[in-house]
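Here's the structure we're looking at; comments come further down.
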Amino acid sequence: SNYLLQQYEKMNLVGELAAGIAHEIKNPLTILKGFIQLLDISKHKREHTQYESLMFSEIDRIHLMVNEFLTLAKPSEEDMKPIDLHVALKQTISLMHAHAVNNKVTIQFEENTSLPLVHGIENKLKQAFINIIKNAIEAMHEGGRLRIIMDQCKDGMKISFADEGCGMTEEELRKITTPFFTTKSDGTGLGMMITNNIVESHNGKLQVESKMGAGTTISIAFPL
Ligand code: ADP
Ligand code: MG
Numbered sequence: 254s255n256y257l258l259q260q261y262e263k264m265n266l267v268g269e270l271a272a273g274i275a276h277e278i279k280n281p282l283t284i285l286k287g288f289i290q291l292l293d294i295s296k297h298k299r300e301h302t303q304y305e306s307l308m309f310s311e312i313d314r315i316h317l318m319v320n321e322f323l324t325l326a327k328p329s330e331e332d333m334k335p336i337d338l339h340v341a342l343k344q345t346i347s348l349m350h351a352h353a354v355n356n357k358v359t360i361q362f363e364e365n366t367s368l369p370l371v372h373g374i375e376n377k378l379k380q381a382f383i384n385i386i387k388n389a390i391e392a393m394h395e396g397g398r399l400r401i402i403m404d405q406c407k408d409g410m411k412i413s414f415a416d417e418g419c420g421m422t423e424e425e426l427r428k429i430t431t432p433f434f435t436t437k438s439d440g441t442g443l444g445m446m447i448t449n450n451i452v453e454s455h456n457g458k459l460q461v462e463s464k465m466g467a468g469t470t471i472s473i474a475f476p477l
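The sequence shown begins at 254 in UniProt numbering and counts up by one.
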């Protein structure tokens, strides 16, 4: 199952990287466009009007390509099916079993089989769960317990992943979904950005609570 997990991660890493880079290209582009607008080249020489519009149209072209890249990474409505999250979670947890044992982590799954189905893409949701569970295991340097709880909430359902790991500072908490933000020497800083994208494309909400030295709880709330 460790091999399966590695293959799963490799398959997704390329897509994650592409989506992360695409996301990051948008900010400098917007800044560039703003400065070109400020320069207002057309005031000075007539031929420059042409340069200006060329620059704008090239920036817009990059913007369009980047957006297409990002929508490629997003699931389309027709790929969505009713998913039993209880089953999806169970499968994900067994995929992570070896990784957990190797890090002295026990996963305690508080099952709930009476929850309604969620409209979504199974592989994407599993990828989000893997990212969260992996982070939780990596945060418990001396091992510990990861509790996964499924619950009915006000207008839907909620899955919580509560670890007993190192926790996060307020700044880390703020940056957790920022592309390339990592505190690990071998991290990519893309896992939580992708997780947040997946959750949002399922109309869900990602919540993070953390206490330094005590642990972190990541919750996903799905409306029904
Ligand atoms: P990576 O795992 O490659 O560093 P992620 O996007 O998955 O990238 O996570 C970004 C950062 O958020 C991590 O480097 C870590 O600092 C923090 N983080 C995420 N989940 C947890 C957690 N459960 N406990 C403590 N810190 C976490
Ligand atoms: Mg990670």
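Note that CB positions come from ideal geometry on N, CA and C, so glycine has one too.
For residue 405, write down the residues that DSSP places opposite it in a beta bridge.
Residue numbering aside, residue 405 sits at position 152 when the sequence shown is read from its first letter. Beta-bridge pairing links residue 405 to 410.
Spatially closest choice to residue 258 from 353, 317 and 469, by CA coordinates:
One-based indexing of the sequence shown puts residue 258 at position 5. Here the closest residue by C-alpha is 353.
On the three-state DSSP scale, how would you describe residue 302?
In the sequence shown, the residue the question calls residue 302 occupies position 49. Helix at residue 302.
Quick check: what's the CA-CA separation for residue 357 versus residue 392?
Reading the sequence shown from its first residue, position 104 is the one you call residue 357. Reading the sequence shown from its first residue, position 139 is the one you call residue 392. Taking the straight line joining both Cα atoms gives about 12 Å.
Taking 8 Å as the threshold, find out whether the stretch 277-295 comes into contact with the stretch 454-469 through three or more Cβ pairs.
Three or more beta-carbon pairs separated by less than 8 Å are not found between the stretch 277-295 and the stretch 454-469, which leaves the two stretches without contact.
To the nearest angstrom, how far is it from the Cα of residue 310 to the Cα of residue 431?
Within the sequence shown, numbered from 1, the residue matching residue 310 stands at position 57. Within the sequence shown, numbered from 1, the residue matching residue 431 stands at position 178. Distance between the alpha carbons of residue 310 and residue 431 is about 28 Å.
Please determine whether the Cβ atom of residue 269 lies at a distance below 8 Å from any heavy atom of the ligand MG.
Here residue 269 is taken as the residue at index 16 of the sequence shown, counted from 1. For residue 269, the shortest separation between its Cβ and any heavy atom of the ligand MG does not lie below 8 Å.
Looking at C-alpha atoms only, which residue of 473, 448, 343 and 363 is the closest neighbour of residue 273?
Counting from 1 along the sequence shown, the entry for residue 273 is found at position 20. It is 448 whose Cα lies nearest to the Cα of residue 273.
So which of 380, 443, 401 and 315 has the shortest CA-CA distance to residue 281?
Within the sequence shown, residue 281 is the residue found at index 28, counting from 1. Checked all of 380, 443, 401 and 315; the closest Cα to residue 281 is 315.
In the DSSP assignment, find the alpha helix (DSSP H) that holds residue 382 and state where it starts and stops.
In the sequence shown, residue 382 corresponds to position 129, counting from 1. Per DSSP, residue 382 belongs to the alpha helix (DSSP H) from 375-392.
Length-filtered (4 minimum) alpha helix (DSSP H) runs lying within the stretch 329-355
338-348 and 350-355
Report the CB separation of residue 474 from residue 373 in whole angstroms; it is logged as a contact under 8 Å.
Here residue 474 refers to the residue found at position 221 when the sequence shown is read from its first residue. Here residue 373 refers to the residue found at position 120 when the sequence shown is read from its first residue. Rounded, the Cβ-Cβ distance is 13 Å, inconsistent with contact.
With DSSP run on the structure shown, which of helix, strand or coil describes residue 417?
Indexing the sequence shown from 1 puts residue 417 at position 164. DSSP places residue 417 in coil when its eight states are reduced to three.
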